[in-house]
Every structure is written in structure tokens, then in C-alpha cells.
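Here's the structure, in C-alpha cells; my notes come after.
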Amino acid sequence: DAGVIQSPRHEVTEMGQEVTLRCKPISGHDYLFWYRQTMMRGLELLIYFNNNVPIDDSGMPEDRFSAKMPNASFSTLKIQPSEPRDSAVYFCASSLGSDEQFFGPGTRLTVL
Amino acid sequence: DQQVKQNSPSLSVQEGRISILNCDYTNSMFDYFLWYKKYPAEGPTFLISISSIKDKNEDGRFTVFLNKSAKHLSLHIVPSQPGDSAVYFCAARSGDFNKFYFGSGTKLNVKP
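This is the structure:
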């Protein structure tokens, strides 16, 4: 298996623009997680899905952030409108049950 | 407020010596703890874990110690190697959920 795939790897955008991050989990995994890494707060869980259903979105910063999982092999994290403080590395991870989470390589987002 | 804290942002150790990375947590409901290792431009990868029913778990050069009364976790690497240079994240999970809380990470530099 290719592991968790994220795209794009790097994204530079201007404040106010819409940003969409994409994730393909490991086939067969039933949990998908979106994390954000910043210098100040480390790795924060934003939202996670079980069998494509959002279970906990309490980490989503505000209404500008939304996440979807239309099927078992694809998820998106959207920021609209983006702000400079959203600049961070965003990781997607997947797991089978409550086992180890496997992380993707991350998307480095820069909002100017 | 962060429930998992890594108070040392960085640590420098000589090759062959012991590296000790520390982690503190506040939630007494956490029942499972993990360490992840992260190289630049890659996602975190699982390193070692420990259940709250144990106080020590060893895997090769890596040993994790858990002190529940102190709510403290540590990772020992013996002997340290230059390839161990990475950011190490401590994470904890509450039994009812698949939700992991991560610390902010400690950057380990092992000098040849």
C-alpha cells in the first residue's frame, strides 16, 4: 500500500482565497483524522471520521473550516476564506479501529 | 489548554549516550500512550506505545516509562544514534474514544 496520500504537498495562497486539502487514506482503514501542526500548539486534532461519518469536530477552529468524507477513499479539508493565521502543516492520518494512526506527509499551507 | 505537554522543545545528545524525552499529562482518564517520531517533510510515524496497566515497555533501543501517579511519561533511547535525530511527539488517548492528544514535540539532535 502507498500509505496515506495528501495533496497538494505545498500550497501558497492569498488571504481570502478558498483552500482545499485532499487526503486518500490507507485502503481498509475505517478512521480518518485531520491534524494541524503549528510551532505554538504542536499537533492538534481538528476532526475525525469513522466509516465516512464525522464523529468529533470539536477541534475545528471556526466556521471557516469544513471537512467532508464522501467515500471511504477520499476526504477534503476546506478553508474559506483563508487567513494568514491558518498557515501551518496539515496532516491527514488513518487507522483501523483504535490501532496505530498512519500519517500522510502533510500539506504545508502558507496564507499571505 | 493542552492536556499533553512536552516542556522541552529541543534536546541535544552525543552519539552513544542516552536520550531522555519527557512528557506530562493532565487527564487521569488517559489509558494509552504513544510516541511518534517525525523527520522533516514527512508525517509522524509510530515508535512505541504503553498501556496504563503497565509502567514500562521496551522495544530494542527504545523504552517508554509511565508514572501514573505523577502523570508523567518518558522515552529513553539507548544508545542514541545520529539517525534518531527527529522531532518526537508524545500522545495520549482516553479509553472511550479514538481521539489522541499530542504534545508540541521535542526536537532531538544526536551529534556524531
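Chains B and W, in that order, are what the protein sequence lines are. Here the working numbering runs 30 ahead of the position in the first sequence, where the first position is 1. Here the working numbering runs 413 ahead of the position in the second sequence, where the first position is 1. Ideal placement from N, C-alpha and C gives every residue a C-beta, glycine not left out.
*Between the stretch 449-466 of chain W and chain B, which residues of the former have a C-beta closer than 9 Å to a C-beta of the latter?*
Tyr449, Lys451, Ala454, Glu455, Gly456, Pro457, Thr458, Phe459 and Ser462
*Examine the Cβ distances between the stretch 429-442 of chain W and the stretch 478-488 of chain W and report whether three or more of them are shorter than 8 Å.*
yes
*Return the chain-ordered list of same chain residues with a C-beta closer than 6 Å to the C-beta of W/Pro525, the five sequence neighbours on each side being excluded.*
Glu428 and Pro495
*Between B/Gly46, B/Leu73, B/Cys122 and B/Arg138, which lies nearest to B/Tyr61 when the distance is taken from Cα to Cα?*
B/Cys122
*Classify W/Pro453 as buried or exposed, calling it buried when 16 or more other Cβ atoms lie within 10 Å of its own Cβ.*
exposed
*chain B beta carbons: is any one of them nearer than 7 Å to that of W/Phe515?*
Cβ-Cβ to chain B under 7 Å: yes for W/Phe515.
*For B/Asp116, three-class secondary structure by DSSP*: helix
*B/Arg115: buried (16+ other C-beta within 10 angstroms of its C-beta) or exposed?*
exposed
*Check whether the Cβ of W/Asn511 lies closer than 7 Å to any Cβ atom in chain B.*
Judged by the 7 Å Cβ criterion, W/Asn511 is in contact with chain B.
*Nearest-angstrom Cα distance between B/Gln36 and W/Arg474?*
The alpha-carbon atoms of B/Gln36 and W/Arg474 are separated by roughly 31 Å.
*Output yes if chain W places a C-beta closer than 7 Å to the C-beta of B/Glu41; else output no.*
Answer no: the Cβ-Cβ gap between B/Glu41 and chain W never drops below 7 Å.
*Which residues in the same chain as B/Gly58 place their Cβ atom closer than 8 Å to its Cβ, once the five residues preceding and following it in sequence are excluded?*
Leu126
*Taking the beta strand (DSSP E) that B/Met99 falls in, what are its first and last residues?*
Element bounds for B/Met99: Phe95 to Asn101.
*Interface positions of the stretch 100-119 of chain B facing chain W (Cβ-Cβ less than 8 Å), listed along the chain*: none
*Which value, in whole angstroms, describes the spacing of the CA atoms of B/Lys108 and B/Tyr120?*
11 Å
*Of the choices B/Met45, B/Glu44, B/Gln131 and B/Trp64, whose alpha-carbon is the least far from that of B/Thr137?*
B/Trp64
*asked:* For B/Arg138, list the residues DSSP reports as bridge partners.
replied: B/His40 and B/Val119
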